[in-house]
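K.L.:
Numbering (our numbering), first residue to last: 454 to 786. Below is the structure I would like to discuss, written out as structure tokens.
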């Protein structure tokens, strides 16, 4: 993972525009009452998962806590977490961070949900790399965060430019149906891609637009030779989707024609169950692209509770007062 991703926290988050109104009112009331005690806030999860959103939450808190004030202890993005585990502890005057509870909890909830879903796909794929194609299934303002979370979960690449920037890699992409449809021919579109794209961009031909996938794979492979990295199978539901038998047929025909170097990339409605189907049927897949299973993942809820005020242990009913023990927490501020 990147040494230190830079999320560039948007101004509307820093201003509190995305927070719950009762936190804004709480900060206003306490300020007018001249009450700003030092507090300890602990953040914990409600169910297991792959932690993500922590780096962004810390970046937010670093931006809002006054210079020389406040301490933060935290786990790291990518850590496997258990239910009720404290993932972050904040010690600071309440008014310096109280406005942002909604914000950092949301970062953690969405990020951890996405990362956990990605890990499920990656584990199903085994040694075969998985790429995140989910940006089109989510609001564009958070697409980069989603792709970052997918790679925290184990994906080897992502399609969005912003997600790749956060991870410090080049974005991954193939040839879309639109280019092929506009140009009127799969081979013509692939050759145009090869002509105009930098040599470091892999040549991955989409082969299900106009003709039989085997026929198109062979046409492109014959014309491109060693320049062709992969063919992508993305057969839609209306035509029965990509099957293990189709992958085997494409592989066999490419090999018989001497194109053993050409890899096969599969996409289209993939989830852990579908990925396991290909593995269990020994389909010679070289890479998977999955989208909405990751981007549409259920968030994993996080909760923030005060456990200490002005040095005194405290908690609401149902919680244990005082600091929770978690030796995995590391001081980051």
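For each residue, glycine too, the CB sits at the ideal point set by N, CA and C.
Which complete alpha helix (DSSP H) runs does the stretch 636-690 hold, if anything under 4 residues is left out?
P.N.:
Within the stretch 636-690, the complete alpha helix (DSSP H) runs of at least 4 residues are 639-649, 666-677.
K.L.:
To the nearest angstrom, how far is the alpha carbon of residue 583 from that of residue 761?
P.N.:
Counting from one through the chain shown, the residue named residue 583 turns up at place 130. Counting from one through the chain shown, the residue named residue 761 turns up at place 308. Cα to Cα, the separation comes out at about 43 angstroms.
K.L.:
Comparing alpha-carbon positions, which option in 525, 592, 606 lies nearest residue 569?
P.N.:
Start at 1 with the first residue of the chain shown, and residue 569 comes out as number 116. Selected option, being the one with the closest Cα: 606.
K.L.:
Measuring alpha carbon to alpha carbon, tell me which of 632, 635, 631, 590 ends up nearest residue 613.
P.N.:
Position 160 of the chain shown, counting from 1, holds the residue named residue 613. Cα-wise, what sits closest to residue 613 is 590.
K.L.:
Does the Cβ-Cβ distance between residue 700 and residue 738 come in under 7 angstroms?
P.N.:
Here the question's residue 700 lines up with position 247 in the chain shown. Here the question's residue 738 lines up with position 285 in the chain shown. Cβ distance < 7 angstroms, so residue 700 and residue 738 count as in contact.
K.L.:
Could you check whether the stretch 511-520 touches the stretch 768-777, counting it as contact only if at least three pairs of C-beta atoms, one from each stretch, sit closer than 8 angstroms?
P.N.:
Result no; under three Cβ-Cβ pairs closer than 8 angstroms.
K.L.:
I think residue 542 touches residue 526, with their Cβ atoms under 8 angstroms apart; what is that distance to the nearest whole Å?
P.N.:
The residue given as residue 542 occupies position 89 in the chain shown. The residue given as residue 526 occupies position 73 in the chain shown. That pair is a contact at about 4 angstroms.
K.L.:
Given this structure, state the Cα-to-Cα distance separating residue 653 from residue 647, to the nearest angstrom.
P.N.:
One-based indexing of the chain shown puts residue 653 at position 200. One-based indexing of the chain shown puts residue 647 at position 194. Taking the straight line from one Cα to the other gives about 11 angstroms.
K.L.:
If you run the structure through DSSP and keep just helix, strand and coil, what is residue 725?
P.N.:
The sequence position of residue 725 within the chain shown is 272, counting from 1. Residue state, collapsed to three classes: helix.
K.L.:
Could you have a look at residue 522 and say whether DSSP puts it in helix, strand or coil?
P.N.:
In the chain shown, counting from the first residue as 1, residue 522 sits at position 69. Coil, per DSSP.
K.L.:
With DSSP as the reference, label residue 585 as helix, strand or coil.
P.N.:
The sequence position of residue 585 within the chain shown is 132, counting from 1. Strand at residue 585.
K.L.:
Between which two residues does the beta strand (DSSP E) carrying residue 542 extend?
P.N.:
Along the chain shown, one-based indexing puts residue 542 at 89. Element bounds for residue 542: 539-546.
K.L.:
Alpha carbon to alpha carbon, what distance is there between residue 670 and residue 681?
P.N.:
As a working mapping, residue 681 is identified with position 228 in the chain shown. As a working mapping, residue 670 is identified with position 217 in the chain shown. Each residue's Cα considered, the two are about 10 angstroms apart.
K.L.:
Measuring only the C-alpha atoms, how far is residue 490 from residue 597?
P.N.:
For the purposes of this step, residue 490 is identified with residue 37 of the chain shown, where counting begins at 1. For the purposes of this step, residue 597 is identified with residue 144 of the chain shown, where counting begins at 1. Straight-line Cα distance between these residues: approximately 37 angstroms.
K.L.:
What do you reckon, are the CB atoms on residue 637 and residue 687 nearer than 7 angstroms?
P.N.:
Locating residue 637 in the chain shown gives position 184, counting from the first residue. Locating residue 687 in the chain shown gives position 234, counting from the first residue. No, the pair does not count as a contact, with Cβ atoms beyond the cut-off.
K.L.:
What is the rounded straight-line gap between the Cα of residue 552 and the Cα of residue 522?
P.N.:
Residue mapping note: residue 552 aligns to position 99 of the chain shown, counting from 1. Residue mapping note: residue 522 aligns to position 69 of the chain shown, counting from 1. Residue 552 and residue 522: Cα-Cα distance of roughly 16 angstroms.
K.L.:
Would you mind stating whether residue 717 and residue 695 have Cβ atoms separated by less than 7 angstroms?
P.N.:
On the chain shown, residue 717 is found 264 positions in, with the first residue counted as 1. On the chain shown, residue 695 is found 242 positions in, with the first residue counted as 1. Cβ distance not < 7 angstroms, so residue 717 and residue 695 don't count as in contact.
K.L.:
According to DSSP, is residue 574 helix, strand or coil?
P.N.:
Counting from 1 along the chain shown, the entry for residue 574 is found at position 121. Helix, per DSSP.
K.L.:
Suppose the cutoff is 6 angstroms on Cβ atoms and the five residues either side in sequence are ignored; what does the same chain contact list for residue 610 look like?
P.N.:
Along the chain shown, read from residue 1 onward, the residue named residue 610 stands at position 157. Once the five neighbours on either side are set aside, the close Cβ partners of residue 610 are 584, 625.
K.L.:
In the DSSP assignment, what residue or residues form a beta bridge with residue 717?
P.N.:
Mapped onto the chain shown, residue 717 falls at position 264. Residue 717 pairs with 684.
K.L.:
Can you tell me whether residue 603 is helix, strand or coil according to DSSP?
P.N.:
Position 150 of the chain shown holds residue 603. Residue state, collapsed to three classes: helix.
K.L.:
So, residue 753 versus residue 603, is the Cβ gap smaller than 7 angstroms?
P.N.:
Counting from 1 along the chain shown, the entry for residue 753 is found at position 300. Counting from 1 along the chain shown, the entry for residue 603 is found at position 150. The answer is no: Cβ separation not under 7 angstroms.
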